[in-house]
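Visitor: Protein sequences, first through last, are from chains A and B. Heads up: take any position in the first sequence, counting from 1, add 5, and you land on the working numbering. Heads up: take any position in the second sequence, counting from 1, add 12, and you land on the working numbering. Below is the structure I would like to discuss, written out as structure tokens.
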Amino acid sequence: MNIQEYIESGILEQYALGELDETQRADVERQAASYPEIRAELDEVEQALGAYGEAHALTPPPGMKERVLAGFQAAIQQDAEQTPKASSQEAVVRQMPAPTAETERAEIGSSWVSWSMAAAVALLIVSGAANLFLFNKWKQTETDLTVALNQQASYASTVQAVNKNLASRNQELSILRSEQFQTVALVGTPAAPDAKARVLYNPTTKAVYLDVRKLPAAPPGKQYQLWALDQGKPVDAGVLAAATAAGDSLQQMKDIASAQAFAMTVEDEGGSPNPTLSTMTVLGKMQ
Amino acid sequence: MSAIPPELPTPVSEELLVQRLRARDESAMTLFYEKYSAALYGVIFRIVKKEEIAEDVLQESLVKIWHSFYSYDASKGRLFTWVLNISRNLAIDKIRSRQYRVNSRTQPIEESAALRQAAEPSFRPEHIGLQEMTRQLNPEQRQIIDLLYFGGFTQSEVAEELNLPLGTVKTRARAAIKVLSKLIR
Numbered sequence: 006m007n008i009q010e011y012i013e014s015g016i017l018e019q020y021a022l023g024e025l026d027e028t029q030r031a032d033v034e035r036q037a038a039s040y041p042e043i044r045a046e047l048d049e050v051e052q053a054l055g056a057y058g059e060a061h062a063l064t065p066p067p068g069m070k071e072r073v074l075a076g077f078q079a080a081i082q083q084d085a086e087q088t089p090k091a092s093s094q095e096a097v098v099r100q101m102p103a104p105t106a107e108t109e110r111a112e113i114g115s116s117w118v119s120w121s122m123a124a125a126v127a128l129l130i131v132s133g134a135a136n137l138f139l140f141n142k143w144k145q146t147e148t149d150l151t152v153a154l155n156q157q158a159s160y161a162s163t164v165q166a167v168n169k170n171l172a173s174r175n176q177e178l179s180i181l182r183s184e185q186f187q188t189v190a191l192v193g194t195p196a197a198p199d200a201k202a203r204v205l206y207n208p209t210t211k212a213v214y215l216d217v218r219k220l221p222a223a224p225p226g227k228q229y230q231l232w233a234l235d236q237g238k239p240v241d242a243g244v245l246a247a248a249t250a251a252g253d254s255l256q257q258m259k260d261i262a263s264a265q266a267f268a269m270t271v272e273d274e275g276g277s278p279n280p281t282l283s284t285m286t287v288l289g290k291m292q
Numbered sequence: 013m014s015a016i017p018p019e020l021p022t023p024v025s026e027e028l029l030v031q032r033l034r035a036r037d038e039s040a041m042t043l044f045y046e047k048y049s050a051a052l053y054g055v056i057f058r059i060v061k062k063e064e065i066a067e068d069v070l071q072e073s074l075v076k077i078w079h080s081f082y083s084y085d086a087s088k089g090r091l092f093t094w095v096l097n098i099s100r101n102l103a104i105d106k107i108r109s110r111q112y113r114v115n116s117r118t119q120p121i122e123e124s125a126a127l128r129q130a131a132e133p134s135f136r137p138e139h140i141g142l143q144e145m146t147r148q149l150n151p152e153q154r155q156i157i158d159l160l161y162f163g164g165f166t167q168s169e170v171a172e173e174l175n176l177p178l179g180t181v182k183t184r185a186r187a188a189i190k191v192l193s194k195l196i197r
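Structure, rendered in structure tokens:
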């Protein structure tokens, strides 16, 4: 077969425009399956015509969406039920406007009335069923919407929490990378030889951050407290939050005007005005 | 329930739609409507030329798409092409049906050539592609493509109608489709 001749015969256009009968369509599909050139040409024709159709898009009038979708639902519901009753109703409805011979008018009149009553009742039942069906659909949709909105709200709060977390991590990172901060390594005392932490101190802004590497868990009712030692005098630098003591994050402590060393003790919850030296856990001098 | 404003775009992908329709998910038809109704309605309306009939045909199209979805073969082409063909065929069946011809006897579809010239619609098509497409097609090509695509004419009927040899109609139709094809590439 001459592929080029086949393509130029116009049969692919006829196929795409829906002019061919079943046998001819099947033949074109067979040719397209056997010859990639024909397949490619057919795709091109279909896409071009599709684009031409799409270029004529019109927004349907308002209200049409609800009507069309409800009609669709009712139609597929009716098709699914396939009751013989439905088809006889349809016949009745179509017979209605077909009056015949005048001599039989009275008889036809009365049967017409009873037929129309029957048709009206049947239509009422169908309409009632459709209403019930649509009502259930609507309820279902409403539930789905609520679920979706709840999910959305929970995603939103998760994102918010993540963003907050990210912001604080970014801040920590900028402190850790900043050259303005001096690092003071705090090492464990004989009471807790494994303990390790460091203080980040900015002599210009006086800001103090604490970064715990390892600390024994504080006994119940107790809390770690950081002290700055200035000329041998302890200055309260604040108590450690649980997350800080666990090594989860940096904590900004109280600003310290001047210090030569930092130390941590274990105090009653809330901190103490004076350090209990016997509980000193870590200590480090500034370089 | 209709708290969602209709102008919000619903970017549902073709693959997802196909998946859900294949799973017989009736609610997918709402998404389907949002994605394709304007394109389908535009074509149907230009074929049947009456709003109420276009609405009926659109609804029939949804029912037919739903019932014959098993026969959609994604390897043979896009879902859009398939559904557009279904809608277009139903619309053409409608204008060829006896009842339609009886109802529009005062203005038979075959008689008024002006009716088929895709007269400028009173509302503007939203799609920007249309003007470009019609500018690129010469009037002869456009006349033929409109008769074939929106008029429901076969190529032989067009030849008869325009008093042209069938070969000329085929050549012009092919040329018109080539022009369109270049535009979308």
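For each residue, glycine too, the CB sits at the ideal point set by N, CA and C.
State yes or no: is the beta carbon of R187 (chain B) nearer than 8 Å to at least one beta carbon in chain A?
Guide: Locating residue 187 (chain B) in the second sequence gives position 175, where the first residue counts as 1. Correcting the residue type first, residue 187 (chain B) is Ala in the shown sequence and not Arg. It does not; no Cβ of chain A falls within 8 Å.
Visitor: What first and last residue would you give for the beta strand (DSSP E) that runs through E38 (chain B)?
Guide: Here residue 38 (chain B) refers to the residue found at position 26 when the second sequence is read from its first residue. No beta strand (DSSP E) contains E38 (chain B), which DSSP labels as neither H nor E.
Visitor: Report the start-end ranges of each alpha helix (DSSP H) in the segment 220-286 of chain A that is 4 residues or longer and not cut off at the edges.
Guide: 247-250
Visitor: Quick check on DSSP: helix, strand or coil for V164 (chain A)?
Guide: Position 159 of the first sequence, counting from 1, holds the residue named residue 164 (chain A). Reduced to three states, the DSSP call for V164 (chain A) is helix.
Visitor: How about L28 (chain B): is its C-beta nearer than 8 Å to some C-beta of chain A?
Guide: Taking the first residue of the second sequence as position 1, residue 28 (chain B) is located at position 16. No - not a single Cβ of chain A is within 8 Å of the one on L28 (chain B).
Visitor: Please report the distance separating the alpha-carbon of A37 (chain A) from that of R44 (chain A).
Guide: The residue given as residue 37 (chain A) occupies position 32 in the first sequence. The residue given as residue 44 (chain A) occupies position 39 in the first sequence. Rounded to the nearest angstrom, the two C-alpha atoms are 4 Å apart.
Visitor: With a CB to CB cut of under 6 Å and the five nearest residues on each side skipped, what residues in its chain are close to M269 (chain A)?
Guide: As a first step, residue 269 (chain A) is located in the first sequence; it is residue number 264 there, counting from the start. Once the five neighbours on either side are set aside, the close Cβ partners of M269 (chain A) are Y229, L231, T286, V287.
Visitor: Taking only beta-carbon atoms, is E10 (chain B) less than 8 Å away from chain A?
Guide: Given a span of 13 to 197 for chain B in the structure shown, any question on residue 10 (chain B) remains unanswerable.
Visitor: Could you confirm whether any beta carbon from chain A is found closer than 8 Å to the beta carbon of N150 (chain B)?
Guide: Sequence index remark: in the second sequence, residue 150 (chain B) carries index 138 (1-based). It does not; no Cβ of chain A falls within 8 Å.
Visitor: Please classify D216 (chain A): does DSSP put it in a helix, a strand, or coil?
Guide: Along the first sequence, one-based indexing puts residue 216 (chain A) at 211. DSSP places D216 (chain A) in strand when its eight states are reduced to three.
Visitor: Can you give the Cα-Cα distance for L160 (chain B) and A185 (chain B), rounded to whole angstroms?
Guide: By 1-based counting over the second sequence, the position of residue 160 (chain B) is 148. By 1-based counting over the second sequence, the position of residue 185 (chain B) is 173. The straight-line gap from Cα to Cα measures roughly 9 Å.
Visitor: Based on DSSP bridge pairs, tell me the residues matched to G289 (chain A).
Guide: Taking the first residue of the first sequence as 1, we reach residue 289 (chain A) at position 284. Per DSSP, A:F267.
Visitor: For E49 (chain A), is the classification buried or exposed, using 16 other Cβ atoms within 10 angstroms of its Cβ as the cut-off for buried?
Guide: For the purposes of this step, residue 49 (chain A) is taken as the residue at position 44 of the first sequence. Answer is buried; the Cβ neighbour count reaches 16.
Visitor: Are P195 (chain A) and P239 (chain A) close, meaning C-beta to C-beta below 8 Å?
Guide: For the purposes of this step, residue 195 (chain A) is identified with residue 190 of the first sequence, where counting begins at 1. For the purposes of this step, residue 239 (chain A) is identified with residue 234 of the first sequence, where counting begins at 1. No, the pair does not count as a contact, with Cβ atoms beyond the cut-off.
Visitor: Assuming V73 (chain A) is part of the alpha helix (DSSP H), what are its boundary residues?
Guide: Translated into the one-based positions of the first sequence, residue 73 (chain A) becomes position 68. Taken as a continuous stretch (DSSP letters only), the alpha helix (DSSP H) holding V73 (chain A) covers 69-86.
Visitor: Let me know if T210 (chain A) comes out buried or exposed under the rule of 16 or more other beta-carbons within 10 Å of its beta-carbon.
Guide: To locate residue 210 (chain A), count along the first sequence from 1; it is residue 205. Label assigned to T210 (chain A): exposed.
Visitor: Are three or more beta carbon pairs between the segment 59-67 of chain A and the segment 46-61 of chain B nearer than 8 Å?
Guide: yes
Visitor: In chain order, what residues of the same chain lie with their CB nearer than 6 Å to the CB of A135 (chain A), ignoring the 5 residues before and after it?
Guide: If you number the first sequence from 1, residue 135 (chain A) lands on position 130. Cβ within range, chain order: A79.
Visitor: Can you tell me where the beta strand (DSSP E) holding V50 (chain A) begins and where it ends?
Guide: Counting from 1 along the first sequence, the entry for residue 50 (chain A) is found at position 45. That residue, V50 (chain A), is in no beta strand (DSSP E); its alpha helix (DSSP H) goes 41-60.
Visitor: Identify, in the order they occur along the chain, each residue of the same chain with its Cβ nearer than 7 Å to the Cβ of V170 (chain B), setting aside the five sequence neighbours on each side.
Guide: Within the second sequence, residue 170 (chain B) is the residue found at index 158, counting from 1. Excluding sequence neighbours, V170 (chain B) sits near I156, L159, L160, V181.
Visitor: Skipping 5 residues on each side, what residues in its chain have a beta carbon closer than 6 Å to that of E274 (chain A)?
Guide: Reading the first sequence from its first residue, position 269 is the one you call residue 274 (chain A). Correct list, in chain order: G226, Q228.
Visitor: Within the chosen definition, does the segment 157-165 of chain A reach the segment 257-264 of chain A through at least 3 CB pairs nearer than 8 Å?
Guide: no
Visitor: Taking just the CA atoms, how far does F165 (chain B) sit from V33 (chain A)?
Guide: Start at 1 with the first residue of the first sequence, and residue 33 (chain A) comes out as number 28. Start at 1 with the first residue of the second sequence, and residue 165 (chain B) comes out as number 153. One C-alpha to the other measures close to 20 Å.
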